[in-house]
Structure formats: structure tokens, C-alpha cells
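Take a look at the structure set out below.
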Amino acid sequence: MAAAGNLEEGVLSRLEKLEARARALALKQEETKQQQREEVARLRARIRQLRRRRDELKGKVSLQQAAPGRQEEATSSGAEPVQTARVRERALLQWKVETVEAMLRVFYLTGISGKLTERGVCFCLSTAYGGNYLDSYYLDIVITQPVRIHRHSVPVFIPLKRIAAKYLQTDIRCFLATLSAHLNAYVGRKYQADYLQKHFSAFLGGHWQKNSLYNMLAFNYDVTTESSTFPFRVKLVYGDLDRSLPTEASVSCKEDVPASLLEKAATHSSLFMHMALHKAFDTFRKAAEMPDDME
Amino acid sequence: RRLDMRPLKEAIAEAVVQLCQENLASIKEAAVLDIVYNHTFQNKRVWTVYQMTKATGGETDIFDFTAFKRKFKRRIQSSLINVTINFKEFEDNAIWIRIAWGTSYTKPNQYKATYVVYHSQTPYAFISKSINRSNLPLLCQALIVASNYGDIREMELRSHCLDSLKDIVFKRYSQTFQTHHPKPLQERNVAPENVDPRLIQEDKSEKERIQRVNREVFGDGPQPKLEFAQYKLETMFKSNPKMVNVSERESFRCLVKFSSPHLLEALKSLAPAGMADAPLSPLLTCIPHKARNYFKIKERKGVLAASLVSP
Numbered sequence: 001m002a003a004a005g006n007l008e009e010g011v012l013s014r015l016e017k018l019e020a021r022a023r024a025l026a027l028k029q030e031e032t033k034q035q036q037r038e039e040v041a042r043l044r045a046r047i048r049q050l051r052r053r054r055d056e057l058k059g060k061v062s063l064q065q066a067a068p069g070r071q072e073e074a075t076s077s078g079a080e081p082v083q084t085a086r087v088r089e090r091a092l093l094q095w096k097v098e099t100v101e102a103m104l105r106v107f108y109l110t111g112i113s114g115k116l117t118e119r120g121v122c123f124c125l126s127t128a129y130g131g132n133y134l135d136s137y138y139l140d141i142v143i144t145q146p147v148r149i150h151r152h153s154v155p156v157f158i159p160l161k162r163i164a165a166k167y168l169q170t171d172i173r174c175f176l177a178t179l180s181a182h183l184n185a186y187v188g189r190k191y192q193a194d195y196l197q198k199h200f201s202a203f204l205g206g207h208w209q210k211n212s213l214y215n216m217l218a219f220n221y222d223v224t225t226e227s228s229t230f231p232f233r234v235k236l237v238y239g240d241l242d243r244s245l246p247t248e249a250s251v252s253c254k255e256d257v258p259a260s261l262l263e264k265a266a267t268h269s270s271l272f273m274h275m276a277l278h279k280a281f282d283t284f285r286k287a288a289e290m291p292d293d294m295e
Numbered sequence: 001r002r003l004d005m006r007p008l009k010e011a012i013a014e015a016v017v018q019l020c021q022e023n024l025a026s027i028k029e030a031a032v033l034d035i036v037y038n039h040t041f042q043n044k045r046v047w048t049v050y051q052m053t054k055a056t057g058g059e060t061d062i063f064d065f066t067a068f069k070r071k072f073k074r075r076i077q078s079s080l081i082n083v084t085i086n087f088k089e090f091e092d093n094a095i096w097i098r099i100a101w102g103t104s105y106t107k108p109n110q111y112k113a114t115y116v117v118y119h120s121q122t123p124y125a126f127i128s129k130s131i132n133r134s135n136l137p138l139l140c141q142a143l144i145v146a147s148n149y150g151d152i153r154e155m156e157l158r159s160h161c162l163d164s165l166k167d168i169v170f171k172r173y174s175q176t177f178q179t180h181h182p183k184p185l186q187e188r189n190v191a192p193e194n195v196d197p198r199l200i201q202e203d204k205s206e207k208e209r210i211q212r213v214n215r216e217v218f219g220d221g222p223q224p225k226l227e228f229a230q231y232k233l234e235t236m237f238k239s240n241p242k243m244v245n246v247s248e249r250e251s252f253r254c255l256v257k258f259s260s261p262h263l264l265e266a267l268k269s270l271a272p273a274g275m276a277d278a279p280l281s282p283l284l285t286c287i288p289h290k291a292r293n294y295f296k297i298k299e300r301k302g303v304l305a306a307s308l309v310s311p
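See below:
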């Protein structure tokens with residue numbers, strides 16, 4: 001009897017516990033449902049708020065777009081004056097833009113142009129020789145105390161550090177002018193050498209010597225007279241790095257040559273000093289075609 | 001059946017030997033031929049860049065190749081008699097130097113020659129990684145003596161591609177500069193998409209931003225070709241501070257190595273492919289500008305954040 005009573009008690013207490021748990025769970029569910037409902041209501045209210053704001057802004061925009069038109073309509077009759085006013089405005093703006101672009105292009109063509117950056121200026125040095133525009137080199141300069149070159153695309157054999165040490169802090173115009181002169185002279189020398197090798201290869205012998213800066217050039221070339229061809233060797237030294245003409249030109253040939261050729265060597269030497277390489281060879285070629293003229 | 005090339009190779013080798021004997025070829029011709037071979041297949045070797053400083057020469061130095069050769073040879077041969085030194089100049093103003101090293105008692109080993117590439121009037125030399133490092137100081141000495149510099153140091157820049165190393169230090173690679181005259185952008189594989197206009201790309205503006213940032217950092221042209229970037233971390237391990245005993249904090253030594261057949265192009269394509277955020281970490285993008293691909297990262301004193309320390 002006692003055991004059965006216990007059993008019943010056990011079962012009953014179990015049932016009670018389960019009932020209690022069920023009640024608690026139902027309460028919790030009710031709570032979460034309530035929370036969710038509140039959340040949904042809150043979001044719905046937010047959506048309505050945002051929609052209202054959007055409509056407000058849309059209204060403002062359409063008002064603004066309509067406003068100038070409305071003013072014009074109020075003063076004049078018909079829509080045509082409105083149109084011409086707008087067209088005129090646009091044409092004026094276009095003209096202004098084209099003028100500015102043309103100015104920028106002019107600056108670019110002069111060889112030194114720049115653009116303001118956040119921290120300083122970015123200069124563009126464009127080079128040219130003999131009527132041809134060649135490479136452009138850039139300098140990204142940061143305006144701090146002291147002025148500093150952040151990045152650049154100047155070739156490593158141009159003495160940039162030396163020029164910067166001399167002028168960058170004191171006179172930026174002088175710095176840019178000197179650097180531009182060096183770069184232009186370098187591309188000029190390179191242009192002459194490359195042009196010569198490309199277009200006058202028939203005249204040239206071998207033993208071509210040059211260096212990275214193209215400020216030393218040595219090669220053999222053939223000189224034709226009425227009787228035979230003689231090999232000459234020329235060594236050009238460009239002592240001034242900002243010039244594209246040599247400071248020294250020594251032309252040499254073998255010892256056992258007629259005296260007239262020695263004279264020729266001297267004339268050639270002075271020719272190289274005063275004339276661009278390819279132009280000098282152009283005169284040689286013309287002289288070869290008309291042997292009587294050449295002295 | 002596989003084609004047996006050996007008889008053919010032997011025949012060619014014998015013909016070459018015959019030719020050499022007929023023309024009284026010496027070690028010099030063989031060495032020059034070796035230079036030509038290595039110049040053609042230069043990307044087989046790993047090149048290290050060295051920078052020379054404290055120029056002792058005049059301002060407008062006219063580079064004299066003969067004097068260079070003489071001074072170089074003299075400096076090396078004054079310490080070591082058993083060496084073979086040969087020079088060859090190439091079209092792009094590159095001077096290739098081949099040095100076969102011996103010792104006081106042995107003849108030069110022609111099979112393990114060191115190659116040096118030097119461009120006149122530049123402060124850089126490119127040395128192919130030689131297994132024997134004991135001759136390196138002598139080589140460096142000879143270089144600075146011959147090219148009129150006072151000091152030389154090894155840069156943290158190595159690669160197989162010699163031309164790319166030159167591009168980086170000679171500043172020949174494509175950099176972007178702010179200018180009013182942007183170069184015309186090449187139309188690169190942008191086929192007009194016949195896309196249904198009803199399809200909207202949600203992240204179109206983000207994609208355009210990534211392209212723009214990428215172009216600003218990497219430029220439009222081809223990148224120099226590097227195979228790896230190595231970062232040696234000597235920073236503190238950052239974790240839940242409760243877990244680590246503060247007094248036991250020591251540097252967490254770690255080596256991160258990025259390798260790729262073309263590292264910089266791979267980095268350039270990371271953000272557009274969606275695999276990384278743009279802009280990329282400056283630790284990765286500064287490689288050509290700082291001319292190094294081996295880095296040591298230490299703690300910044302005072303602030304616990306990793307920063308770049310260049311020795």
C-alpha cells in the first residue's frame with residue numbers, strides 16, 4: 001500500500017513538475033512573441049518614417065528642378081526663351097572647359113607642367129629633340145620643410161641628387177630648369193646615336209662604344225675618296241651634361257694615309273663639334289654623292 | 001620508341017671541339033661564350049642587387065671601360081692569382097663580368113663562375129648568387145674600386161628576372177603620377193556586355209572603386225617580375241590578454257613568404273578578384289617603391305602595432 005502510495009506520489013509529483021514546466025514554457029513563448037511583435041511594430045514605424053523622408057526629399061528635388069523653369073515662365077511667355085538660355089549656359093561652360101584644357105596642353109608642350117596634389121605638386125618634364133616629342137619624366141614633390149622628392153621616374157644615371165642638393169631648397173624654378181635641361185640633353189644625345197645607328201648603318205664600321213648617359217660615344221666609320229675607302233675612328237665626349245653637342249671630338253685614322261685625308265679628319269672633327277651627329281653624316285652622304293663639292 | 005638524342009649531341013660536341021682546335025680557341029673564347037649563354041638564359045639564375053654609395057669620382061664622369069676593366073682585374077688579382085676574369089658589353093649598356101675562382105693552390109673552377117652585371121654611371125650591381133660566399137668581399141671591393149665608389153651594400157632585393165630588378169632600381173617600371181594628361185587607357189578585354197538591363201550590379205560602385213584604387217597603386221603598365229616576398233615577423237603575439245601571462249611576453253617569431261610566378265601581377269589582381277580588400281596593405285604595395293622584397297617587421301616602440309623597420 002505504502003509503495004503504491006509512493007508510486008502514485010511519484011507519478012503525481014512528476015505530472016506536477018511537467019505541468020509547471022509547460023506553464024513556464026508557455027509564458028516564455030508568449031514573452032518572445034510579444035517581443036517579436038514589438039520589434040515588428042518598431043521596424044514598421046521606421047519604414048514609414050523613412051518613406052516619409054524619401055517623399056519629402058523627392059518633393060524638394062522636383063521643386064528645385066521645376067523652380068527655374070517656373071520663374072522663367074512667370075516672367076516670359078512660352079518655353080522657348082528657357083531653352084535658349086540653357087543652351088547658352090551650356091555653350092559658355094563648354095568654351096570655358098576647352099580654354100582651360102588648351103592652357104593645360106600648352107603648359108604640357110612647353111616641357112614643364114605640374115598638378116597640385118594633396119601634399120605638394122607633381123611635375124611633369126616632357127622632353128623633345130629635333131621636332132619630336134620624346135619621353136616624359138615625373139617628380140612627385142612634397143611641400144614640407146625641407147622640400148622633399150617623394151617619388152620620381154627620372155633615370156638613375158641622371159645626377160638628380162646633385163641637382164636637388166644644389167637648387168631644390170632654394171630655387172625650385174632653377175631646379176626644374178636645370179633638371180629639364182639635363183633630361184632634354186640626354187634624350188637628344190640618345191636620339192642622335194640611335195638615329196645614326198638606324199639610318200646610317202652603311203657608313204658605320206664597328207667597335208661601337210657608349211655609356212648609359214650617352215655622354216661618351218666612340219665608333220668607326222668609313223670615308224670614301226675617289227680611290228678607296230678609309231676607316232676613321234671618332235671619339236665624342238660630351239663634357240656638359242646639359243648640352244647635346246660634344247665638348248671634344250677627336251677623329252683619328254691610320255698613319256699611312258694621304259695628307260688630304262688628315263685634313264678631312266680635322267674638318268670632320270670641327271663638324272662634329274658644331275652639328276648634330278645625324279646632320280653631320282647627312283652632309284657626308286651628300287658629299288659622297290657629289291664628290292666635287294666636298295673640300 | 002624514344003628519340004635518342006645522344007649521338008646527335010655527341011656529334012655536335014665533337015664538331016665544336018674540332019672548330020675550337022682549328023681556330024686555336026683558348027679559355028678566353030670559352031669564357032665569352034659562357035657569358036653569352038648566361039646572358040641569353042639570364043633568368044635561370046637568382047640575382048641579388050647591390051648598391052654602391054659615396055661616389056669618389058668627379059661629377060661628369062666619363063665612364064672609361066678600359067680603365068674599369070684594368071682596375072677591376074688588378075684589385076682581384078692582387079689578392080688572388082688563380083682567377084679567370086672576362087668582360088663583355090651588350091647593346092643595352094650592360095657590362096657582364098664573369099669570374100671563375102680558384103685558390104692559392106688550385107686552378108679556377110670554370111663550372112662555378114660568378115656573374116656580375118653592371119651598367120655604367122649607375123650605383124647598382126647585380127650579382128648572381130654564388131654558392132661560394134667567401135670570395136664575395138673581394139668581389140665587392142673590386143667593384144667599388146673599379147667604378148669609383150666608396151662603399152657597397154647588399155640590398156634586400158632578389159629575383160630570377162634580371163630585367164625586372166633593373167626596372168625597379170633604374171625606375172623604369174610603370175608608376176602612376178597625378179597629371180592633367182593621363183595616358184590613353186588601353187581598352188583591356190572590356191567586351192561590351194550584352195547584359196539584360198533588368199539586371200543591376202549591386203556592388204557596381206564598389207567594383208569601380210576597387211579598380212580605381214588598384215590603378216592608383218599599381219599603375220597601368222606591366223609590373224616588374226618578382227617571385228617572392230618574405231616578411232620576418234618579430235612582433236608580439238596578440239591574443240586574449242587574460243590567457244597570456246604579461247610578464248612572459250616574448251616576440252613571436254614567424255616567417256611569412258609569398259611566392260608566385262609573378263608576384264606583383266598576382267597582388268594586383270587580388271582586389272578585383274574579390275580575394276582581398278582594396279587598398280592592399282602598404283607592406284605589399286611598397287615593394288617596387290622601396291626596392292626590396294625581404295622585410296623585417298618589428299614592434300613599434302611604445303605602441304603595440306607592427307611597423308616597417310628597414311635596417
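Chains A and B supply the protein sequences, listed in that same order. 295 is the number that UniProt numbering gives the last residue of the first sequence; the numbers go up by one with no jumps. 311 is the number that UniProt numbering gives the last residue of the second sequence; the numbers go up by one with no jumps. We put the CB at the ideal spot given by N, CA and C, even for glycine. Values in this document were obtained by computation on a predicted structure and should not be read as measured data.
Continuous alpha helix (DSSP H) stretch holding residue i: start and end
i	result
GLU91(B)	Careful: GLU91(B) lies outside any alpha helix (DSSP H) and carries neither H nor E.
ASN184(A)	172–199
PHE72(B)	65–79
ASN38(B)	27–40
VAL217(B)	204–218
LYS9(B)	6–22
HIS289(B)	287–290
Buried or exposed (CB count within 10 angstroms, at least 16 for buried), residue i
i	result
TYR115(B)	buried
TRP95(A)	exposed
ASN132(B)	exposed
residue 300(A)	Examination of residue 300(A) is not possible in this model, given that chain A is present from 1 through 295 alone.
LEU93(A)	exposed
LEU185(B)	In this prediction, LEU185(B) scores a pLDDT of 46, lower than 50, which makes its location untrustworthy; no coordinate-derived value is stated.
HIS199(A)	exposed
LEU57(A)	exposed
ALA265(A)	buried
VAL169(B)	buried
ILE144(B)	buried
ALA202(A)	exposed
LEU7(A)	exposed
ASP293(A)	For ASP293(A), the predicted model reports a pLDDT of 45, less than 50, meaning its position is unreliable; a value from the coordinates is still stated below. Answer is exposed; the Cβ neighbour count stays below 16.
VAL40(A)	exposed
ARG188(B)	The predicted model places ARG188(B) with a pLDDT of 47, which falls under 50 and marks its position as unreliable; any figure quoted below should be read in that light. ARG188(B) is exposed by the Cβ-count criterion.
Beta-carbon spacing of residue i, residue j below 8 Å
i	j	result
TYR50(B)	GLU154(B)	yes
residue 346(A)	LEU125(A)	Outside the shown range of chain A, which is 1 to 295, sits residue 346(A), and nothing can be said about it.
GLY114(A)	VAL121(A)	yes
ASN214(B)	ALA271(B)	yes
ILE97(B)	PHE90(B)	no
TYR124(B)	THR53(B)	no
TYR186(A)	ILE158(A)	yes
TYR173(B)	GLN223(B)	yes
GLY239(A)	ASN220(A)	no
residue 397(B)	LEU226(B)	The structure shown has nothing for residue 397(B), since chain B only spans 1 to 311.
LEU217(A)	LEU241(A)	no
ASP140(A)	HIS152(A)	yes
ASN43(B)	HIS160(B)	yes
VAL251(A)	SER269(A)	yes
GLU234(B)	LYS290(B)	no
Where the beta strand (DSSP E) containing residue i begins and where it ends
i	result
PRO231(A)	229–237
VAL223(A)	216–224
PHE126(B)	124–128
ALA271(B)	Counting along the chain, ALA271(B) falls outside any beta strand (DSSP E), and DSSP gives it neither H nor E.
residue 348(A)	Absent from the structure is residue 348(A), since the part of chain A shown begins at 1 and ends at 295.
Interface partners of residue i on chain A, CB under 8 Å
i	result
GLN175(B)	TYR138, ARG151, SER153
ASN93(B)	LYS210, ASN211, SER212
ILE35(B)	Under the 8 Å cutoff, chain A gives no residues; its nearest Cβ is about 18 Å from ILE35(B).
Residue i: contacting residues in chain A (beta-carbon distance under 7 Å)
i	result
GLN121(B)	PHE157, ASN211, SER212, LEU213
PHE170(B)	PRO155, VAL156
HIS289(B)	ARG151
Contacts of residue i in chain B (Cβ-Cβ under 7 Å)
i	result
LYS115(A)	GLN178, THR179, HIS180
MET216(A)	ILE62, PHE63
LEU104(A)	HIS180
Residues that residue i contacts on chain B, provided the C-beta gap is smaller than 9 Å
i	result
CYS124(A)	PHE177, THR179, HIS180, HIS181
VAL237(A)	ILE62
Next item on the list: Within the stretch 241–284 of chain A, note down every full alpha helix (DSSP H) run reaching 4 residues or more, in order along the chain.
Entry: 259–274
Check: Curious, which full-length alpha helix (DSSP H) runs of at least 4 residues does the stretch 139–167 of chain A contain?
Finding: 160–167
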